[in-house]
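The structure under discussion appears below in the form of structure tokens.
There are 2 protein chains.
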Amino acid sequence: MDLIKITSLDYAILGLIHQKSQSGYGIRKQFETTALGNYSSSPGAIYPALKRLQKSGLVIQTKVEGSTKTRFDYTSKGQNALKNWFLKPITIEDVAKKSEELLLRFAFMDKLLNKKQTLKFLQSFRDSLKIYIVELDAFHSREKNDLPLHGRLAFEHGLSSARATLKWCKMAITTINQSKKT
Amino acid sequence: MDLIKITSLDYAILGLIHQKSQSGYGIRKQFETTALGNYSSSPGAIYPALKRLQKSGLVIQTKVEGSTKTRFDYTSKGQNALKNWFLKPITIEDVAKKSEELLLRFAFMDKLLNKKQTLKFLQSFRDSLKIYIVELDAFHSREKNDLPLHGRLAFEHGLSSARATLKWCKMAITTINQSKKT
DNA sequence: GTCGACATGTAAATTGTTACATGATTTA
DNA sequence: TAAATCATGTAACAATTTACATGTCGAC
Numbered sequence: 001m002d003l004i005k006i007t008s009l010d011y012a013i014l015g016l017i018h019q020k021s022q023s024g025y026g027i028r029k030q031f032e033t034t035a036l037g038n039y040s041s042s043p044g045a046i047y048p049a050l051k052r053l054q055k056s057g058l059v060i061q062t063k064v065e066g067s068t069k070t071r072f073d074y075t076s077k078g079q080n081a082l083k084n085w086f087l088k089p090i091t092i093e094d095v096a097k098k099s100e101e102l103l104l105r106f107a108f109m110d111k112l113l114n115k116k117q118t119l120k121f122l123q124s125f126r127d128s129l130k131i132y133i134v135e136l137d138a139f140h141s142r143e144k145n146d147l148p149l150h151g152r153l154a155f156e157h158g159l160s161s162a163r164a165t166l167k168w169c170k171m172a173i174t175t176i177n178q179s180k181k182t
Numbered sequence: 001m002d003l004i005k006i007t008s009l010d011y012a013i014l015g016l017i018h019q020k021s022q023s024g025y026g027i028r029k030q031f032e033t034t035a036l037g038n039y040s041s042s043p044g045a046i047y048p049a050l051k052r053l054q055k056s057g058l059v060i061q062t063k064v065e066g067s068t069k070t071r072f073d074y075t076s077k078g079q080n081a082l083k084n085w086f087l088k089p090i091t092i093e094d095v096a097k098k099s100e101e102l103l104l105r106f107a108f109m110d111k112l113l114n115k116k117q118t119l120k121f122l123q124s125f126r127d128s129l130k131i132y133i134v135e136l137d138a139f140h141s142r143e144k145n146d147l148p149l150h151g152r153l154a155f156e157h158g159l160s161s162a163r164a165t166l167k168w169c170k171m172a173i174t175t176i177n178q179s180k181k182t
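Each protein sequence line maps, in turn, to chains A and B.
In terms of my numbering, the first sequence opens at residue 1 and continues consecutively.
In terms of my numbering, the second sequence opens at residue 1 and continues consecutively.
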């Protein structure tokens, strides 16, 4: 097992390809038009990333017959990499600074994880959020009178944002529980 | 007036220096320990960025006497750049993909904008959010039955996140209104 | 038949990551 | 006095941005 560095953008691309086979252009458009993370849709980012993924053996590029178009599909190695990404333990670091990536993981884990694994992910997300919110709350009580007004308000945005995500987490757990997903 | 490219990291650093004069190490620690955006705290990012800012004339570095330490302070040009950043009109793009940067702008505008300008910023933020939420809602009603379960849930996270920010905006407007800030 | 969207890419310059290097100061 | 933290930086490498380059396809 050789270690390949897989960037966040790589995972996002891999996730899209896993949902259905994609063209480079199609990937660009999805990054451009949807709120799918804050990834760049510039050709200078996407095409080199696709080359990287291909070189690492995570995706394969196939030419569409009688056309200049190409399609990308994932390999079993790519599927494995994705699954490992989905199953990677969630840290407080993650909820504090990379919640967007956690949401991306959730959005894409659809087909590769079963109901039990999905619920485990969401429960861990929820529990990490709870710990994180306790930390934020403690800081807030301790410092709120010493912080400048704008600093305090910006901090409170972070806090209510985390609370909203926690609420979402609980809702998602209920929804997944009620789903007939296997 | 020569046009200088100022990156998001540059603004974050400039904002910190504007609050109080800083050492490179101090800036690194603040990026590392606080939830101040997702900026890298690595020396290979911070020190070159400080060099850039110095070269552009936005900050000056002064040696602390009898020590290897240095301090960074902002110049009038740096203050101007910051103020222009604060006053830059808010777009739907911004609320959709760069709300973190908007929060950073708010957190730092403390000393450089007056109450009226601050309120204008928040009101514009609020109004843009409202428009954005209407767009998201429309998409949601239209597509919710066709989206895969995980896609729909991830989308709903984006929606409730935007709603939480809108709520925060309204709260912040009230708070600033009641403050004795000039 | 031309305009806009589709489609794929490259090149140069900038920026960021990872890892190293060095020394001062504090604290247990 | 040893370890941890403060403090500043560089070098090699990887990734991204910005701008360019080229050509196809469908609609009007």
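Beta carbons are placed, not taken as given, at the ideal position from N, Cα and C, and that holds for glycine.
Give the interface partners of residue i over in chain B, defined as CB-CB distance under 8 Å, in chain order.
i, result
"residue 130(A)", "Per Cβ cutoff of 8 Å: no residues; residue 130(A) is ~17 Å from chain B at best."
"residue 110(A)", "148, 149, 150 and 151"
Beta-carbon within less than 6 Å of residue i's beta-carbon, same chain only, minus the 5 sequence neighbours each way: which residues are those?
i, result
"residue 63(A)", "70"
"residue 65(A)", "none"
"residue 9(B)", "39 and 49"
"residue 11(A)", "85"
"residue 90(B)", "124, 125 and 128"
"residue 25(B)", "none"
Can you tell me which of the options puts its alpha carbon nearest to the alpha carbon of residue i?
i, options, result
"residue 54(A)", "42(A), 40(A), 83(A) and 14(A)", "14(A)"
"residue 156(B)", "176(B), 102(B), 135(B) and 174(B)", "135(B)"
"residue 6(B)", "42(B), 73(B), 40(B) and 78(B)", "78(B)"
"residue 101(A)", "24(A), 39(A) and 68(A)", "39(A)"
"residue 139(B)", "33(A), 66(A), 29(A) and 25(A)", "33(A)"
"residue 43(A)", "19(A), 120(A) and 29(A)", "29(A)"
"residue 60(B)", "158(B), 21(B) and 80(B)", "21(B)"
"residue 176(B)", "137(B), 18(B) and 121(B)", "121(B)"
"residue 3(B)", "25(B), 56(B) and 18(B)", "56(B)"
"residue 18(A)", "52(A), 76(A) and 67(A)", "76(A)"
"residue 160(B)", "142(B), 117(B), 137(B) and 141(B)", "137(B)"
So, at 7 Å on beta carbons, what are the nonlocal neighbours of residue i in its own chain, with the 5 sequence-adjacent residues on each side left out?
i, result
"residue 27(A)", "13, 16 and 46"
"residue 152(A)", "144"
"residue 99(A)", "165"
"residue 181(B)", "115"
"residue 41(B)", "28, 31 and 32"
"residue 52(A)", "10"
Please report the Cβ distance between residue i and residue j, rounded to the nearest whole angstrom; I am assuming they are in contact, meaning their Cβ atoms lie under 8 Å.
i, j, result
"residue 171(A)", "residue 150(B)", "Actually they do not touch by this definition, with Cβ atoms about 13 Å apart."
"residue 132(B)", "residue 92(B)", "6 Å"
"residue 112(A)", "residue 83(A)", "5 Å"
"residue 74(A)", "residue 58(A)", "7 Å"
"residue 154(B)", "residue 107(A)", "4 Å"
"residue 158(A)", "residue 35(B)", "5 Å"
"residue 169(B)", "residue 129(B)", "6 Å"
"residue 37(B)", "residue 104(B)", "6 Å"
Interface residues of chain B around residue i at Cβ under 9 Å?
i, result
"residue 160(A)", "164, 165, 167, 168 and 171"
"residue 179(A)", "149"
In chain B, what lies closer than 7 Å to residue i by C-beta?
i, result
"residue 7(A)", "Result: empty, since nearest Cβ-Cβ is about 14 Å, beyond 7 Å."
"residue 38(A)", "97"
So with CB distances below 8 Å, who are the chain A contacts of residue i?
i, result
"residue 106(B)", "150, 153 and 154"
"residue 175(B)", "149 and 153"
Kindly list, in the order they appear in chain A, the residues whose Cβ is closer than 9 Å to that of residue i.
i, result
"residue 87(B)", "What residue 87(B) touches in chain A: nothing, since even the nearest Cβ is about 15 Å away."
"residue 12(B)", "Going along chain A, no residue has its Cβ under 9 Å from residue 12(B), so there is no contact; the nearest lies around 12 Å."
"residue 35(B)", "96, 97, 136, 155 and 158"
Return yes when at least one heavy atom of the ligand COA lies under 8 Å from the C-beta of residue i, else no.
i, result
"residue 84(A)", "With respect to small molecules bound, the structure shown includes none, and the ligand COA cannot be examined in it."
Given residue i, which residues of its chain have a CB within under 8 Å of its CB, disregarding the five upstream and five downstream residues?
i, result
"residue 23(B)", "69, 70, 71 and 72"
"residue 67(A)", "none"
"residue 94(B)", "101, 102 and 128"
Closer than 7 Å by beta-carbon distance: list the chain A residues that pair up with residue i, in chain order.
i, result
"residue 103(B)", "154 and 157"
Is the stretch 116-131 of chain B close to the stretch 161-173 of chain B, with three or more CB pairs under 8 Å?
Yes, the stretch 116-131 of chain B touches the stretch 161-173 of chain B.
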